[in-house]
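These notes are about the structure you will find just below.
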Amino acid sequence: MIYFLSKTKITFLAGLLTLFWVMLATTVLGQGFIERTGDFGLNPFFNYNFYPNPPGASPSLADLDGDGDLELVVVNFEGSVSYNINTGGSPGDESFIYYRSPSPFTSLPDSYSPVSSSPISSLAGVVPSDVYNPSFDSSVNLKFSFGDLDGDGDLDGISGNEEGKILIFINSGSRNNPLFPPPGSAPIGPGDPPRGNSVVTLADPAAGINYAGEGVSFVNLADFDGDRDLDLLVLTSKAFHYLRNTGTTTNAVFEEVTGSGNPFNGFTPDAGHGNPVVGDIDGDGDLDVAVSGTSIAFYRNVGTTTAPVYVRINNAANPFNGITFSADDVPRIELGDMDRDNDLDLAGGVKSGKIRYFENGVQVYGQPTPASQTVCVGSPVSVTVGARGDGFYSDATQTTSLRYQWYRNTQTTATPVPGQTSATLSLTNVQPGDAGLYYVQVTGSARYTGEELSVFSDGFSLTVRQGIGITQQPPSSSVVLTGANVSVPVSVSGAVTGYQWYRNGAIVTGQTSATLTLTSVTSAQAGSYSLVATSSCNSVTSSAFSLTVLNPASVSGTKTVSGSFVPGGTATYTIVLRNAGLGIQNNNPGNEFTDVLPAGLTVSSVSSSAGQIAFNANTVTWNGSIASNSQVTITITALIANGTNGQSIANQGSISFDGDANNTNESTVLTDDPTVEGSANPTTFVVNCPASTVTLSNDGPLTCAKTSVVLTATGGLTGSTYGFSLGATQSSGATSNTATVSMGGLYSVTVTAPTGCTATGQTTVGTSTTLAAPTLAANAQTTTNQPISVTASGCAGGTINWNPQGGTGTANGSMYTFTQPGNYTITAACVVNACTSPPSAPLSVSILPGGFAIGSVTMVNCQLFDEAKGGYQVTFTPQYSGQNTNPISFSVVNEKTATTDPAPYTLRLYTDNPVIILVATQAGTGETRYSYNWFASCQSGNSPNRPPVTTGVPNQTISQGQAYQLELKTYFSDPDQQPLAFSVQGLPAGLSLTGSVISGTPSVTGVSTINVSAVDPGGLSVGSSFQLTVSPAPGLPTSFAIVDVSTVRCEVLRPDKRRITFTPQYSGVDGTPISFSVVNEKLPTTDAGPYSLDLYTDNPVITLSAQQGATIARYTYNWLTVCNTVSARLGVQEAGTELQVRVFGNPVEGKSAEIEINGAASQSVQLNLVDSQGRVVHQYQIDEAGPSERVSVPVGNSKGILLLQVSTPTQRQQVKLLKF
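Residue numbers (the numbering used here): 1104 to 2323.
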């Protein structure tokens, strides 16, 4: 059977891509095989079974004896080896005859048997007697591959097995007499016949390589990467494993390469595959791979000898296409030049033990060179292939011959190229129709038998290029203006390699595209342009393009202004028109210059250095010609209108010119002010009035007799108007330069001229008064709850202006009366016409409130009702002093709520609380307290240690910055003549308590509530409070003002809200109504105070405002500070919610005091226990109190009087504890 190639496509079997034959410039071509089956000396394996039982034949070819031909090693399926030497002719002789030889695969020298005297082809049916199984630790040796792994010049062996192991057989014999001991065996012992190397020294290069789990492993040695050492291909049922030799030629070390570094990456072995073989199958000089199976898979190397890349080739493009085996054959193949004709033949062993022989009859060994070529139309083409064949010959002639036929585009005899019947394709004067892919078919005859064999070469790709041509010429000419951009396209067909534009025959630098592109052209660029286009085949030149560049006019203008720039003055504009163009600006239809002056200007005259100028109203026009690089000057004079003071007047003229040399003024620009940076700026000036002087005089001063003076303005222009300041009255309207005034002070006049300009003058009107201050006298300096009248004398014919401090009374002409308790300071001034005297000497008076206090207590009845607990029902009557007619509110701390019921009062008390605190308040007075030892009174009928008493301290009014002193012993005394200890709270800054004296110099004004407490040595005490008002230092203010605020009361509505009641104190009151307001809090009202406001603590300062006539006074009032210094009291409480504190056992005898707190439900409660020196003894806090809380307060080792302070966010109570 004859096998030949008729290749039409390649299939890339990584499951990725199918490439058709016509898509490749170089196509896989191969060799023509013929199977030799007869006994004509053509098949050395004819009629011979190597291993009928056990079956199988895996052939390997290698020159193992160094005689230049190939020996045959056959392994059966159980690993037994048959070694057959080639005894064919001398080198160059194509005959080959195999004789069985003693196997070098043995470990004992005496097992060698003599060489068989008959060729293996005549031993049909004979079972080899010198079979040796070198499987060692393996069940089967599959197939051998040979190569020099240790660099000693002989061939070593390598084999895989069914367990995936790789076995190395190092040749310890010689190049001509091989010996393959088992892998890892000991050196040859004494007495063994020499066989070359006596010791195996090479480390196992396959150590650690094991593909167990991947089935059988077939191996093949080859220099895949072209580095002159042997690499290893291992084929398992799972994958192609590529192991690169990273050692040396004398010491191989195999390392597997994976991923893209594996040239077989992506390939998967076919089911039922056999072994791989390696060789230059396609004749291109690199290594290809074939794998046995029912058909032979072919992997062509399309890379290089050093960087292989494999593509699987299928169907007719596979050189082994048509060579098949049955599935039962279990084929094993080998490649080798068995007939020594320089091509690769194929041997295929099968399960029956036979070997089939396929002789390579025709081969293309030199593919078309070059593989592709690009030429121009009309060029010659020549390309040659190399081929050889065995040929048909007899023993007598031994002649060979090959026939050639070239085809274009397909490998088929249907499209031969006429006349192309040699190894060289030779074409002359090629045309575009000659382009395509060319192949040569090589036909020869099989040796001896003469069967015809035919193969195709790789494809030769021919590309034919046509010359280029111009398909669109440039326009013949164009006329443009200087500065224009020019673009001239030319269309060229074909493969252009370069463009170049020429002007007047000279190269235009930078113009190397099909389009001529010129930007901002000048007249120097005018001329004749042409394009030369070149290609690899020819060049063409375009027709000429003529460019004409015109030079138009280019007119611009500047505009400046000069003048006085005052209302009624003049402004002169100077306009310079310049033609910077290369052409003349003609006097074309229309105006070359137009200027419309803005409002505020009126044209008075115009002129020009050339041409014709005219104006109509405020529009100025000019017509004329301007030569290139010449200029024309235009002058415009205009009047500045009155009333334009402060105005900025801007203006620009408009220039029209012929910008394209067509005698039409189609271009327009605006004038530019050269004094301003930039371009196209308007010309601007500001109108200002000239400096002028106006004098204002008066015929004063004012005196008590002369109540008005005349103001006179001089220096104004005719027609001016006069405006005098407030308080001056003009006699004859705005044109009058005089006015009268009746009060002293600074006055001004503004004179406005007809131009709108103004000037101002000032004068001061003086006053001359010699009035003496009045003298004050009081009917009494001090009274108790009785009014005091103050009389002013020494103001005949005038009126008295009173200025009280510390409170207000009633003015009645020259008498002023105080009726309310308090400390007052008063001054007065005499007013006659416009004259006011200095203030009088201040006079101080006091109305005492009577010293409201609980002076003593009268025991009415004391009756024991609970002897076991020490409970008494006590009836008593407090004795007051200094009371007025207002109701008295009476209470007992922790025992009785406040009541205005009259005495006597009855309480049920226990001896563990022998001392109670009596509290009384009366409107118009302060609070008074009294410590009452009821238990002692019950025992003796009177108190053995009587508490201190007080007459009450009257409210005090003092002056800021003046020394002050108050002796408290005047108002407090002890009935038992014991010394008293005083404590004071609420003193303003600058005052302090020393012993019983409050003294110092107050530094701030305001109203303070002072709480005074007097304690006797027995711990009994009495308290009183009074208001201390610190007023500004006495003096008569010169005008209406709020000088102070008298705080009446401050109520706590809730923790963050207060109700403040106050009365502002004024100075400079003239009897006219006063409008009072509080900024953002109270609208204006003329009602007299006091005023009440509900305020929040986050707004602690308010601004008071009062207006009397045209005078407005303001006062900043820190009401929260005043509230904090005043005993703030709660607003109306719900019944039963008053804070109550009760002490069980007072005096305290143990280490702690038991306290009961009521009236603080759901509130936080703070307890502070301090001693008489103010030191904290104990602190305690209840976060949320219940309806009634019982607390044990430690008192420690403290003795004497302790103060227990109990407070909630809205209430506060203080209880005295006595500790013995």
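Glycine residues also receive a C-beta, built at the ideal position from the N, C-alpha and C atoms.
Beta-ladder partner(s) of residue i, from DSSP
i       : result
Arg1949 : Rather than Arg, the amino acid found at residue 1949 in this sequence is Ser. DSSP lists Thr1885 and Asn1926 as partners of Ser1949.
Phe1149 : Answer is none; Phe1149 lacks a bridge partner.
Phe1563 : Tyr1541
Arg2245 : Glu2259
Ala1816 : Leu1799
Ala1627 : None, per the DSSP bridge assignment.
Asn1719 : Thr1722
Ser1896 : Thr1878
Met1918 : Thr1894 and Asn1915
Glu1437 : Ala1450
7 Å Cβ cutoff met for residue i and residue j
i       : j       : result
Phe1979 : Gln2025 : no
Ile2205 : Val2181 : yes
Ala1931 : Pro1890 : no
Asn1784 : Gly1859 : no
Gly1049 : Thr1774 : Any answer about residue 1049 is impossible in this case: the structure gives the chain only from 1104 up to 2323.
Asp1493 : Asp1444 : yes
Trp1725 : Ser1708 : no
Ser1525 : Tyr1507 : yes
Ile1436 : Gly1451 : yes
Ala1794 : Pro1655 : no
Ala2256 : Val2309 : no
Gly1464 : Leu1556 : yes
Asn1997 : Arg2315 : no
Asn1428 : Thr1397 : Here the sequence assigns Phe to residue 1428, which means Asn is not the residue at that position. Yes, the Cβ-Cβ distance between Phe1428 and Thr1397 is below 7 Å.
Asn1313 : Lys1268 : yes
Leu1175 : Gly1250 : no
Same chain, Cβ closer than 7 Å to residue i, five either side skipped, listed in chain order
i       : result
Val1356 : Pro1308, Asn1348, Thr1349 and Gly1350
Leu2306 : Val2273, Gln2317 and Lys2319
Val2326 : Here the chain comprises residues numbered 1104 to 2323, so residue 2326 is not present and cannot be evaluated.
Ile2304 : Val2118, Gly2122, Ser2275, Lys2319 and Leu2321
Asp1431 : Lys1454
Leu2223 : Thr2200 and Pro2203
Close Cβ partners of residue i (< 6 Å) along its chain, the five nearest in sequence each way excluded
i       : result
Ser2106 : Ala2092 and Gly2093
Val1234 : Annotation note: pLDDT 37 at Val1234 (below 50); position unreliable, no value reported.
Val1076 : Any question about residue 1076 goes unanswered here, given that the chain covers just 1104 to 2323.
Ser1947 : Thr1928
Met1918 : Ser1892 and Thr1894
Segment limits, alpha helix (DSSP H) that includes residue i
i       : result
Gln2042 : Trp2037 to Ser2043
Cutoff 8 Å; reference residue i; Cβ partners in own chain excluding five residues on either side
i       : result
Ser2265 : Glu2287 and Ala2288
Phe1968 : Gly1974, Tyr1975, Gln1976 and Arg2011
Thr1832 : Ala1842, Thr1843 and Val1844
Leu1173 : Leu1164, Ala1165, Asp1166, Asn1189, Phe1199, Gly1439, Asp1440 and Met1441
Limits of the unbroken beta strand (DSSP E) element including residue i
i       : result
Ser2293 : The question names Ser, but residue 2293 in the sequence shown is Arg. Element bounds for Arg2293: Ser2291 to Pro2297.
Glu1317 : Run containing Glu1317: none; DSSP gives neither H nor E here.
Pro1366 : Segment: none, Pro1366 is in no beta strand (DSSP E) and carries neither H nor E.
Gln1576 : Segment: none, Gln1576 is in no beta strand (DSSP E) and carries neither H nor E.
Gln1603 : Gly1601 to Arg1606
_Quick test of the definition: if touching needs 3 or more C-beta pairs under 8 Å, does the stretch 1661-1680 touch the stretch 1731-1749?_
Yes: at least three Cβ pairs fall under 8 Å.
*asked:* Closer than 8 Å is the cut-off here; do at least three beta carbon pairs connect the stretch 1720-1731 with the stretch 1687-1697?
replied: The stretch 1720-1731 makes contact with the stretch 1687-1697: 3 or more CB pairs, one atom from each, lie closer than 8 Å.
_At least 3 beta-carbon pairs within less than 8 Å: the stretch 1446-1460 vs the stretch 1531-1543_ = No: fewer than three Cβ pairs fall under 8 Å.
*Are the stretch 2209-2219 and the stretch 2159-2174 in contact at 8 Å, needing three or more beta carbon pairs?*
At 8 Å Cβ cutoff, the stretches touch.
_Contact between the stretch 1579-1595 and the stretch 1614-1628 (3+ Cβ pairs under 8 Å)_ = Here the stretch 1579-1595 makes contact with the stretch 1614-1628; the two share three or more CB pairs at distances below 8 Å.
*Determine, using beta-carbon pairs with one atom in the stretch 2068-2084 and one in the stretch 2034-2044, whether at least three such pairs fall under 8 Å.*
Below 8 Å, too few C-beta pairs join the stretch 2068-2084 and the stretch 2034-2044 to call them touching: fewer than three.
*Do the stretch 2012-2023 and the stretch 1984-1996 meet, that is, are 3 or more Cβ pairs less than 8 Å apart?*
The stretch 2012-2023 and the stretch 1984-1996 touch, with no fewer than 3 CB-CB distances between them shorter than 8 Å.
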